[in-house]
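Trainee: The structure's right below; bear with me while I get my questions together.
Number of protein chains: 2
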Amino acid sequence: MPFLSESPDITAENPLMALVLGNTMLSTVPGISGAGQTPEKTLLTPNLDSELVMTGSIASMSFKPNTPTGCPTPASITRSMMQLTGLLPLFINAGLRHQPGVPCLDMYGSPGGDPRFGDAVPDACGLFRRGEMAGRFLSRCSDLLVLGECVPGGTTTALCVLKALGYDARVSSSYVENPVTLKDEVCREVLGRVRNAGTSDPLEILRLAGDPMMPVAAGIASTYSGRLLLAGGTQMLAVAAVLKALGRNPPPLATTVYVRDDSSASFPRTVEEVGAVAYYVDPNFANLGHVGLARYCIGEVKEGMGAGGAMVLASLMGFAPEEISKAIFDFVREYS
Amino acid sequence: MPFLSESPDITAENPLMALVLGNTMLSTVPGISGAGQTPEKTLLTPNLDSELVMTGSIASMSFKPNTPTGCPTPASITRSMMQLTGLLPLFINAGLRHQPGVPCLDMYGSPGGDPRFGDAVPDACGLFRRGEMAGRFLSRCSDLLVLGECVPGGTTTALCVLKALGYDARVSSSYVENPVTLKDEVCREVLGRVRNAGTSDPLEILRLAGDPMMPVAAGIASTYSGRLLLAGGTQMLAVAAVLKALGRNPPPLATTVYVRDDSSASFPRTVEEVGAVAYYVDPNFANLGHVGLARYCIGEVKEGMGAGGAMVLASLMGFAPEEISKAIFDFVREYS
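Sequences listed follow chains A and B, in order. Residues 13 to 348 (the numbering used here) are what the first sequence spells out, left to right. Residues 13 to 348 (the numbering used here) are what the second sequence spells out, left to right.
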């Protein structure tokens, strides 16, 4: 298997990895998100993950943002890529329940509401505009932006948004057993609300059914003037679909083969329908000798905190697949 | 009078104007700060000023951050320089009472307490560390950083910090009649607390007597790798003095001649004692034909939101003094 499905034709003098953090209250619905030890603790995962990526350890709380089965958070992959490349990540707070422990470019949004019961992101338009401001600023800071996210429960909002935009999508999950039925039930209710609202405006759809990461990431992508890679699976695909619906060219995506190969989802097909391109990285976790990482290969976690894009970025910067895999293994052995 | 007292020997490919916002509860003590229509409203001035600099108008509230006498906020100068140069400012939230309306790089600090009655900045060390992180990030974004601030009431905390560090300083004020007696009374009480604490550590002094802007700005200055100008009067001088006390070279300052010529303060002498260099800009407000701007010449406002440094930056970028003055006049006529 090649390390990269296809090498993006990108060179960069000054690449930047930026990670949009957000919450949706959907992650507290039992069974929706595996990104945390309990449903309530999933709300803290962006905070813990950003601390891990920034500092290499988690000092602020006594537990780790791993899955209930002990699979290491994908943030540990992103962390090891930042160490390997010497890049400094930028965190963007789109709307968190808890105040983060690392500096963030803050959009002053709120956590997303449960879209079954009310508007998910009442200020989607404001967040999009602030994302546009951020995109203009980041254009001055870099010539390549690898834009990832951390939103526990966000594959469910991604499913709602993709379907509301007319795609017959199925989405990935951080669980081995994708809780398809539960997600579909949520989605049916949300699509009912979208239908009742009678709108096809993409920012209205985000207001009704999305999460705060989406308008922020879409706004950034709208104004960023350098090369852009959306680092993530179905959640970033939803952002690409929103951009398409806004009349813009959907940016390319970078994610792991674990997202591509998820047979319960429809990632490659929906990428094609959106008219985007996706690059897939295969970090060979099956053969590294780490039980937790090997679980990625049976479909657990798969992606998050821009992990796939971070590996692609390291590759673009000239690091060999072996260096990349070794950096991840060394860090995860230490951390988890 | 020359436009610049001396031209800094600086060329920059990619300059950045960053503005640290913060509050100290001292600004709500009647008579301390003129940066707002009422003592309570001074807390909102960083929010209103940042909105003005970013967007060119204030839509979020129905009043303007001008002085009670109608003197236009110095943020209007900074705004017109951003328009003239085409630069995008970055706001850094060090600790505000009210959530800002523009995206900020947020250090997740709190508003500074009244240092007469308790620790002013309990987390000064944490804010310094986050400032260091921000400085490293900004080093990747720019090769010249013009770092200003907006902290109503901050000349009083600056006075406390400069005195606690051993300087026989007197500080400027946004009032024509500098409320020296009131400031000195506050300062006497605060210095008593510092003496009781028996510390000479500069970050401890900030904890006891400073405001949240100071450790953040000092942290940024500690790690920023490009050229740096501290844009401001006595408040930035306090930051330079903290850096000196931390064993670092105090960065150069850029401010207006109105700060230099304030006979109730001791700016040039204290700059010399700190071992820094200051560049002074004379925008010739006396002769522009705007009553509010002319009040700067009789000693009102004088400086704020990095206004002096913004004019120096425009000059460094090749704009002529007449272009700079005209841009300010045109904007202020429209705005106030």
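No residue lacks a Cβ here, since even glycine has one placed at the ideal position from N, Cα and C.
Around the C-beta of Phe140 of chain B, are 16 or more other C-beta atoms found within 10 angstroms, so that it is buried, or is it exposed?
Mentor: The residue is buried, with at least 16 neighbouring Cβ atoms inside 10 Å.
Trainee: Quick one, which of B:Leu38, B:Leu305, B:Ala266 and B:Lys256 has its alpha-carbon nearest Leu240 of chain B's?
Mentor: Selected option, being the one with the closest Cα: B:Ala266.
Trainee: What residue from A:Ser237, A:Phe297 and A:Val324 has the CA that sits closest to Gly244 of chain A's CA?
Mentor: The shortest C-alpha separation from Gly244 of chain A is found at A:Val324.
Trainee: Identify, in the order they occur along the chain, each residue of the same chain with its Cβ nearer than 8 angstroms to the Cβ of Ala209 of chain A, setting aside the five sequence neighbours on each side.
Mentor: Only Glu216 and Leu220 meet the Cβ criterion.
Trainee: DSSP state of Arg219 of chain A, grouped into three classes?
Mentor: Three-state result, Arg219 of chain A: helix.
Trainee: Could you say which of A:Leu16, A:Met94, A:Leu249 and A:Thr54 lies nearest to Glu284 of chain A if we only look at CA atoms?
Mentor: Here the closest residue by C-alpha is A:Leu249.
Trainee: Put Thr167 of chain A into one of helix, strand or coil per three-state DSSP.
Mentor: It is helical.
Trainee: Pick from A:Val188, A:Ser151, A:Ala24 and A:Phe15: whose alpha carbon is nearest that of Tyr308 of chain A?
Mentor: Out of A:Val188, A:Ser151, A:Ala24 and A:Phe15, A:Val188 has the C-alpha closest to the C-alpha of Tyr308 of chain A.
Trainee: Just curious, the beta strand (DSSP E) that Tyr291 of chain A is in, first and last residue?
Mentor: Ala290 to Val293 is the extent of the beta strand (DSSP E) around Tyr291 of chain A.
Trainee: Any beta carbon from chain B within less than 8 angstroms of Met4 of chain A's own beta carbon?
Mentor: The question about residue 4 of chain A has no answer, for chain A in this structure spans 13 to 348.
Trainee: Counting only beta-carbon atoms, is Met145 of chain B nearer than 8 angstroms to chain A?
Mentor: Yes, Met145 of chain B lies at the interface with chain A (some Cβ there is under 8 angstroms from its Cβ).
Trainee: Grouping DSSP H, G and I as helix and E and B as strand, with all else coil, what is Asn26 of chain B?
Mentor: Correct three-state label for Asn26 of chain B: coil.
Trainee: Within the same chain, show all residues whose beta-carbon is closer than 7 angstroms to that of Ala106 of chain A, passing over the 5 residues directly before and after it, in chain order.
Mentor: If we look at Ala106 of chain A and ignore the five residues flanking it on each side, its Cβ neighbours are Val32, Leu33, Gly34, Met119, Gly121, Leu139, Pro224, Met225 and Val228.
Trainee: Could you list which residues in chain B have their beta carbon closer than 8 angstroms to that of Gln247 of chain A, in chain order?
Mentor: Here the premise fails: no neighbours, minimum Cβ distance about 21 angstroms.
Trainee: Check Asp118 of chain B in the structure and name its three-state DSSP category.
Mentor: Note: Asp118 of chain B maps to strand in three-state DSSP.
Trainee: What are the boundary residues of the alpha helix (DSSP H) that Thr67 of chain A is part of?
Mentor: Per DSSP, Thr67 of chain A belongs to the alpha helix (DSSP H) from Thr57 to Thr67.
Trainee: To the nearest whole angstrom, what separates the beta carbons of Ile44 of chain A and Pro191 of chain A, a pair I think is in contact under 8 angstroms?
Mentor: Yes, they are in contact, since the Cβ atoms of Ile44 of chain A and Pro191 of chain A sit about 7 angstroms apart, within 8 angstroms.
Trainee: Starting from Arg307 of chain A and walking both ways along the alpha helix (DSSP H), at which residues does that stretch end?
Mentor: Its alpha helix (DSSP H) spans residues Val303 to Cys309.
Trainee: In the DSSP assignment, the alpha helix (DSSP H) including Leu96 of chain B goes from what residue to what residue?
Mentor: From DSSP, the alpha helix (DSSP H) with Leu96 of chain B extends over Ala87 to Thr97.
Trainee: Leu41 of chain B by DSSP, collapsed to three states: which one?
Mentor: Leu is not the amino acid found at residue 41 of chain B; the sequence shown has Val there. If DSSP states are grouped into helix, strand and coil, Val41 of chain B belongs with coil.
Trainee: Considering Phe341 of chain B, what are the terminal residues of the beta strand (DSSP E) in which it resides?
Mentor: Counting along the chain, Phe341 of chain B falls outside any beta strand (DSSP E), though it belongs to the alpha helix (DSSP H) covering Pro333 to Tyr347.
Trainee: Look at Pro263 of chain A and Pro20 of chain A and say whether their C-beta atoms are less than 8 angstroms apart.
Mentor: Not a contact, by the Cβ cut-off of 8 angstroms.
Trainee: Counting only C-beta atoms, is Pro115 of chain B closer than 8 angstroms to chain A at any point?
Mentor: So yes, Pro115 of chain B belongs to the interface.
Trainee: Suppose the cutoff is 7 angstroms on Cβ atoms and the five residues either side in sequence are ignored; what does the same chain contact list for Met13 of chain B look like?
Mentor: Correct list, in chain order: Asp294.
Trainee: Three-state secondary structure (DSSP) at Ala243 of chain A?
Mentor: It is a strand residue.
Trainee: Whole angstroms are fine: how far does the CA of Ala132 of chain B sit from the CA of Ser185 of chain B?
Mentor: Near 20 angstroms, if we compare the C-alpha coordinates of Ala132 of chain B and Ser185 of chain B.
Trainee: Please classify Met73 of chain B as buried or exposed, where buried requires at least 16 neighbouring CB atoms within 10 angstroms.
Mentor: It is exposed - the Cβ of Met73 of chain B has fewer than 16 other Cβ atoms within 10 Å.
Trainee: Using the Cβ count rule (16 or more neighbours within 10 Å means buried), how would you classify Val173 of chain B?
Mentor: The residue is buried, with at least 16 neighbouring Cβ atoms inside 10 Å.
Trainee: Given that Cys153 of chain A touches chain B, what residues does it touch there, using C-beta distances under 9 angstroms?
Mentor: Result: Asn26, Leu28, Phe149, Leu150, Arg152, Cys153 and Ser154.
Trainee: Using a Cβ-Cβ distance under 8 angstroms, would Leu240 of chain B count as near chain A?
Mentor: No, Leu240 of chain B lies away from the interface with chain A (no Cβ there is under 8 angstroms from its Cβ).
Trainee: Around the C-beta of Asn59 of chain A, are 16 or more other C-beta atoms found within 10 angstroms, so that it is buried, or is it exposed?
Mentor: It is buried - the Cβ of Asn59 of chain A has at least 16 other Cβ atoms within 10 Å.
Trainee: Can Ala176 of chain A and Val206 of chain A be called in contact, C-beta distance under 8 angstroms?
Mentor: Result yes, Cβ atoms of Ala176 of chain A and Val206 of chain A sit closer than 8 angstroms.
Trainee: Using the three-state DSSP reduction, which class does Ala298 of chain B fall into: helix, strand or coil?
Mentor: Helix at Ala298 of chain B.
Trainee: Short check: CB of Leu38 of chain A to CB of Thr169 of chain A, under 8 angstroms?
Mentor: Cβ distance < 8 angstroms, so Leu38 of chain A and Thr169 of chain A count as in contact.
Trainee: Could you name the residues that DSSP lists as bridge partners for Ala266 of chain A?
Mentor: Note: Ala266 of chain A sits in a beta bridge opposite A:Ala243 and A:Tyr291.
Trainee: Is any beta-carbon of chain B found at less than 8 angstroms from that of Leu100 of chain A?
Mentor: Output row for Leu100 of chain A: interface = yes.
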